[in-house]
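What follows is a set of notes on a single structure, which appears directly below.
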């Protein structure tokens with residue numbers, strides 16, 4: 034059992050590294066403790082800077098490092114694996130009281146967009162079924178499992194920063210990892226494409242026709258032969274890109 | 005691929021391909037005998053880096069050196085995390101798992117750096133209890149490293165007494181980091197030879213050696229960002245006759261030079277160990 038004096042000394046040093054407040058930290062060499070604060074923040078700034086290079090560039094070094102400082106001071110980092118820690122910055126900025134979110138409305142989306150590239154690149158491997166080229170609508174389909182579907186409100190994937198706030202809309206995007214090269218790619222989708230792929234993942238049959246019916250009926254659109262043909266052609270393109278397969 | 009001996013090299017992403025390629029190095033004195041990695045950097049990792057992990061595991065024995073156990077923390081041990089570590093060690097047949105005698109989590113927040121535990125009797129008892137808990141879960145010895153530190157924190161006993169009590173009473177093994185001894189002796193103005201003589205040397209199961217940065221007349225930071233300096237090699241040379249034959253790891257985490265430079269350091273460590281342990285053949 035730790036004595037209160039021992040655990041208190043540990044808490045004060047830990048708190049100092051986060052906040053810079055050395056009040057009550059008497060049983061340490063005070064001229065040396067800034068080294069710990071410097072070392073801790075070097076790790077935090079390095080990891081967050083590597084995870085969010087676009088955010089850092091847009092905010093500028095000073096604002097980005099202020100964000101890092103406030104995050105580490107105010108947020109209790111939960112992750113034992115430091116490379117997963119950047120995800121916690123998204124939660125911090127998404128807090129409804131976050132001054133950063135109020136000042137930069139695009140920030141939660143930009144952080145998520147940058148984080149997903151890391152998340153998909155590092156997603157734990159899973160065993161895959163044998164995958165085939167799509168040449169028929171009769172076989173069940175399989176979506177590359179290393180992906181995320183998101184809908185951005187800011188066009189941060191295809192427009193310069195200055196146009197983000199003036200071009201608010203719905204921008205569906207698929208972010209996925211190539212099964213062979215492991216490289217992460219971004220695919221702009223139509224609303225139909227986004228809904229179709231979402232439906233394909235959740236549809237237990239994973240068959241083309243039922244997925245198409247469900248997708249279109251959700252949009253109150255009737256199926257036509259032309260739609261079937263164009264959807265199939267689109268799926269074959271996704272197949273070539275390593276996004277959807279036959280199984 | 006599981007027996008750890010000789011001189012190893014830290015497996016870092018910056019030099020992953022070059023390290024994997026060393027498996028084809030024909031001169032044994034220029035080749036690491038094993039690699040060490042931080043399990044936290046590889047657990048759950050898929051895709052490209054998982055491929056690299058599998059490649060290194062297929063070519064070298066691996067030891068694991070943890071970062072986030074926080075054995076000296078006032079907070080509870082993270083049991084789910086420990087179970088993940090255990091599963092990782094089992095998956096890659098890793099026989100050595102070492103950690104730092106420090107704390108890196110407090111008040112339910114990870115700090116991602118190593119803070120000094122107060123050198124007190126109650127902290128000794130606290131750490132012993134936790135090491136036993138860890139060893140029960142992992143079903144193997146924990147190997148505990150003497151860490152570098154820049155300030156003592158509310159000390160009541162000496163650093164060597166603190167380490168000796170913990171190692172001998174917990175039944176764990178010790179990782180003797182030669183560079184950390186040098187750094188601490190300089191920073192806290194004590195004699196490094198006396199310090200080593202006061203450690204439980206029979207329990208040393210693993211060693212580290214590294215470079216550091218001297219940032220002022222009275223302070224060295226343990227950066228692992230420079231080549232090993234001669235006084236640290238000298239301290240290794242002085243220590244080895246007192247120690248059982250154990251694996252030695254060259255740590256280099258920052259400012260990583262080309263592989264030839266690292267191989268020269270490996271060679272120099274092997275030449276020193278061969279003088280005392282007479283196991284590694286050095287080409288004349």
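Chains as they are written, first to last, in the numbering used here: chain W, 34 to 280; chain U, 5 to 288. Idealized CB from N, CA, C, for every residue including glycine.
For residue i, the first and last residue of its enclosing beta strand (DSSP E)
i                      : result
residue 98 of chain U  : Neither: residue 98 of chain U is in no beta strand (DSSP E) and is coded neither H nor E.
residue 178 of chain U : 177 to 181
residue 204 of chain W : 204 to 210
residue 184 of chain W : 180 to 185
residue 252 of chain U : 252 to 255
residue 218 of chain W : 217 to 221
residue 12 of chain U  : 11 to 14
residue 277 of chain W : 277 to 279
Member of the options whose CA lies at the smallest distance from the CA of residue i
i                      : options                       : result
residue 176 of chain U : U:86, U:139 and U:85          : U:139
residue 138 of chain W : W:167, W:185, W:210 and W:154 : W:185
residue 178 of chain W : W:246, W:98, W:154 and W:142  : W:154
residue 223 of chain W : W:182, W:216 and W:215        : W:182
residue 16 of chain U  : U:159, U:27, U:60 and U:223   : U:60
residue 81 of chain W  : W:51, W:109, W:123 and W:253  : W:123
residue 280 of chain W : W:68, W:167 and W:236         : W:167
residue 64 of chain U  : U:32, U:42, U:100 and U:24    : U:24
residue 62 of chain W  : U:80, U:223, U:244 and U:26   : U:223
residue 80 of chain U  : U:100, U:93, U:110 and U:88   : U:110
residue 31 of chain U  : U:274, U:280 and U:40         : U:274
residue 74 of chain U  : U:66, U:83 and U:67           : U:83
residue 115 of chain W : U:145, U:108, U:218 and U:56  : U:108
residue 253 of chain U : U:133, U:259, U:272 and U:264 : U:272
residue 108 of chain W : W:128, W:84, W:192 and W:45   : W:128
residue 266 of chain U : U:22, U:7 and U:167           : U:22
residue 145 of chain U : U:156, U:189, U:68 and U:262  : U:68
residue 57 of chain W  : W:215, W:39, W:68 and W:73    : W:39
residue 158 of chain W : U:53, U:89, U:218 and U:28    : U:53
residue 194 of chain W : W:232, W:83, W:60 and W:88    : W:88
residue 165 of chain W : W:46, W:275 and W:214         : W:275
residue 225 of chain U : W:264, W:259, W:91 and W:66   : W:66
residue 14 of chain U  : U:281, U:258, U:7 and U:279   : U:258
Residue i vs residue j beta-carbon contact at 8 Å
i                      : j                      : result
residue 270 of chain U : residue 237 of chain U : no
residue 106 of chain U : residue 76 of chain U  : yes
residue 44 of chain U  : residue 113 of chain W : yes
residue 248 of chain U : residue 206 of chain U : yes
residue 176 of chain W : residue 252 of chain W : no
residue 248 of chain W : residue 278 of chain W : no
residue 228 of chain U : residue 110 of chain W : no
residue 122 of chain U : residue 158 of chain U : yes
residue 250 of chain U : residue 210 of chain U : yes
residue 179 of chain U : residue 243 of chain U : no
residue 174 of chain U : residue 200 of chain U : no
residue 38 of chain U  : residue 66 of chain U  : yes
residue 218 of chain W : residue 209 of chain W : yes
residue 51 of chain W  : residue 105 of chain W : yes
Start-to-end residues for the alpha helix (DSSP H) that takes in residue i
i                      : result
residue 197 of chain U : 196 to 201
residue 105 of chain W : 94 to 107
residue 126 of chain W : 119 to 127
residue 40 of chain W  : 37 to 52
residue 115 of chain W : Per DSSP, residue 115 of chain W belongs to no alpha helix (DSSP H) and is neither H nor E.
residue 272 of chain W : 258 to 273
residue 268 of chain U : 263 to 281
residue 83 of chain W  : 66 to 84
residue 163 of chain U : 163 to 174
residue 236 of chain W : Here residue 236 of chain W belongs to no alpha helix (DSSP H), and DSSP marks it neither H nor E.
residue 135 of chain W : 132 to 136
Problem - At least three beta-carbon pairs within less than 8 Å, the segment 116 to 126 of chain U to the segment 178 to 190 of chain U - result: no
Handout entry: Length-filtered (3 minimum) beta strand (DSSP E) runs lying within the segment 85 to 156 of chain U
Key = 101 to 104, 107 to 110, 113 to 119 and 147 to 149
Exercise for the section: Examine the Cβ distances between the segment 196 to 208 of chain W and the segment 236 to 249 of chain W and report whether three or more of them are shorter than 8 Å. Expected result: no
Exercise for the section: Report yes or no: do three or more beta-carbon pairs, one from the segment 132 to 151 of chain U and one from the segment 142 to 154 of chain W, lie closer than 8 Å? Expected result: no
Practice task
Only counting runs of 4 or more residues, tell me where the alpha helix (DSSP H) segments fall wholly within the segment 19 to 67 of chain U, in order along the chain.
Solution key: 20 to 25 and 51 to 63
Exercise for the section: State whether the segment 154 to 165 of chain W contacts the segment 88 to 108 of chain W, with contact taken as three or more CB pairs (one from each stretch) at a distance under 8 Å. Expected result: no
Practice task
Write down every uninterrupted run of the beta strand (DSSP E) in the segment 209 to 236 of chain U whose length is 3 residues or greater and which is fully enclosed by it, in chain order.
Solution key: 217 to 220 and 223 to 225
Exercise for the section: Jot down the residue ranges of each uninterrupted beta strand (DSSP E) in the segment 142 to 175 of chain W, minimum 3 residues, whole runs only, in chain order. Expected result: none
Exercise for the section: Evaluate contact between the segment 125 to 133 of chain U and the segment 118 to 137 of chain W, counting only Cβ atoms and requiring at least three cross-stretch pairs below 8 Å. Expected result: no
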